Amino acid sequence: MAIPEIDKAHLPRHIAIIMDGNGRWAHQHGKSRAEGHEAGAKSVRAVVEACRELERVEALTLYAFSTENWRRSQGEIDTLFQLLSKYISLELDELHKEDIRVSVMGRMEGLGEQARRDLERCIALTDQNKSMLLNIAINYGGRAEIADAARSIAAEAARGALAVEDIDEACFARHLYVPDLPELDLLIRTSGEMRLSNFMLWQASYAEFVAMPTLWPDFRKEHLLEAIALYQSRHRRFGGR
Ligand code: IPE
Ligand code: IPE
Ligand code: MG
Numbered sequence: 008m009a010i011p012e013i014d015k016a017h018l019p020r021h022i023a024i025i026m027d028g029n030g031r032w033a034h035q036h037g038k039s040r041a042e043g044h045e046a047g048a049k050s051v052r053a054v055v056e057a058c059r060e061l062e063r064v065e066a067l068t069l070y071a072f073s074t075e076n077w078r079r080s081q082g083e084i085d086t087l088f089q090l091l092s093k094y095i096s097l098e099l100d101e102l103h104k105e106d107i108r109v110s111v112m113g114r115m116e117g118l119g120e121q122a123r124r125d126l127e128r129c130i131a132l133t134d135q136n137k138s139m140l141l142n143i144a145i146n147y148g149g150r151a152e153i154a155d156a157a158r159s160i161a162a163e164a165a166r167g168a169l170a171v172e173d174i175d176e177a178c179f180a181r182h183l184y185v186p187d188l189p190e191l192d193l194l195i196r197t198s199g200e201m202r203l204s205n206f207m208l209w210q211a212s213y214a215e216f217v218a219m220p221t222l223w224p225d226f227r228k229e230h231l232l233e234a235i236a237l238y239q240s241r242h243r244r245f246g247g248r
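With the numbering used here, the residue at position 4 of the sequence shown is 11, and numbering never jumps.
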């Protein structure tokens, strides 16, 4: 694939990726689903590196595990969380060296002890980093996020810390899992599926959606650049004309 031309002065500030197709990739290569997920971890490394190199991408959100993914077999779930721990132990120093801050978007309290400890280590170590935000969506559901925000707003209102008339879009956004995320500009889904699967329902409001046929383990820098080139070819109207 030729390296797509992009305009480095007009990059999306925030890119999110629904990393899909590990199972199909494994099937196509006669491998186990676990091997598919392992191959997918290499794509994560490539994409984080590529975004960091672009310099002006402020945030990259990766959908690692949905609130619905608990429906998978216990063996597959265990594999996914083992891979998360492995990824963190292999990559955390490099992320920190690259001045990348890590945040987690999802119900942390629903995770196992090990995953929670590993993620908390990432957050604590990289807390002051400034070059880019790597936001990991794990045990994440868009509906759960909206319900959790509503619950915390209601709790504040009930104890008198918030007036009902002050609940507006900005207030709501401040109660989401990661309140300081830049506006989502580009939402990519790999493997050709055309659905959101409960991802960033609030944030996707005016994001440009790019669905790519590439299976996640095959996704590399050139695919990211292709998605950015497509994004840059769109005319965003935001309801105006
Ligand atoms: C994405 O790949 C990984 C996760 C959802 C965690 P899948 O495992 O969904 O791969 P397919 O969709 O079965 O090919
Ligand atoms: C979405 O992919 C979740 C992640 C990428 C983590 P799924 O493979 O779980 O989505 P569906 O089941 O095809 O909607
Ligand atoms: Mg899938």
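All C-beta atoms in this analysis are idealised placements derived from N, C-alpha and C, irrespective of residue type, glycine included. Model, not experiment: these values are computed from the prediction.
- A distance below 7 Å separates the beta carbons of Tyr184 and Met112.
- Comparing alpha-carbon positions, the option among Arg196, Glu83, Glu176, Phe72 lying closest to Glu190 turns out to be Glu176.
- One alpha carbon belongs to Leu193, the other to Ala23, and they sit about 6 Å apart.
- Leu69 places its beta carbon 7 Å or farther from that of Cys58.
- DSSP lists Ile24, Ile143 as the bridge partner or partners of Leu69.
- In this structure Ala218 is not in contact with Ala144, their Cβ atoms being roughly 18 Å apart against a cut-off of 8 Å.
- The beta-bridge partner set that DSSP reports for Glu215 consists of Leu193.
- Assignment of Ile235 by DSSP, reduced to helix, strand and coil, places it in the helix class.
- Rounded to whole angstroms, Val51 and Asn142 show a C-alpha spacing of 12 Å.
- For Ser92, no beta strand (DSSP E) encloses it; the enclosing alpha helix (DSSP H) starts and ends at 81-104.
- A direct Cα-Cα distance of roughly 42 Å separates Gly117 from Glu12.
- A distance criterion of 6 Å places the beta-carbon of Arg31 in contact range of ligand 1, judged by its closest non-hydrogen atom.
- The beta-carbon distance between Val109 and Thr86, rounded to whole angstroms, is 22 Å. This is too long to meet the 8 Å contact definition.
- If you measure from each CB to the nearest heavy atom of ligand 2, the residues under 7 Å come out as Ile25, Met26, Asp27, Tyr70, Ala71, Phe72, Ser73, Glu75, Asn76, Glu200, Arg202, Ser204, Phe206.
- Non-local C-beta neighbours of Ser92 in its own chain, meaning closer than 8 Å and more than five positions away in sequence, comprise Gln121, Ala122, Asp125, ordered along the chain.
- The closest CA to that of Asn76, considering only Leu208, Trp209, Ser204, is found on Ser204.
- In the three-state scheme derived from DSSP, where H, G and I count as helix and E and B as strand, Ile10 is classed as coil.
- With respect to the C-alpha of Met26, the residue from Gly199, Asp106, Arg78 having the closest C-alpha is Gly199.
- In the pairwise beta carbon analysis, the region 40-55 is classified as touching the region 87-107: at least three pairs are separated by under 8 Å.
- Around Arg63, the same chain offers Leu18 as residues with beta carbons nearer than 6 Å, after the five sequence neighbours per side are excluded.
- Take the alpha-carbon of Glu105 and the one of Phe226: they are about 22 Å apart.
- For Arg166, the secondary structure class from DSSP, reduced to helix, strand or coil, is coil.
- In this chain, Ser198 is not harboured by any alpha helix (DSSP H), its DSSP state being neither H nor E.
- It is roughly 48 Å from the alpha-carbon of Arg40 to the alpha-carbon of Ala168.
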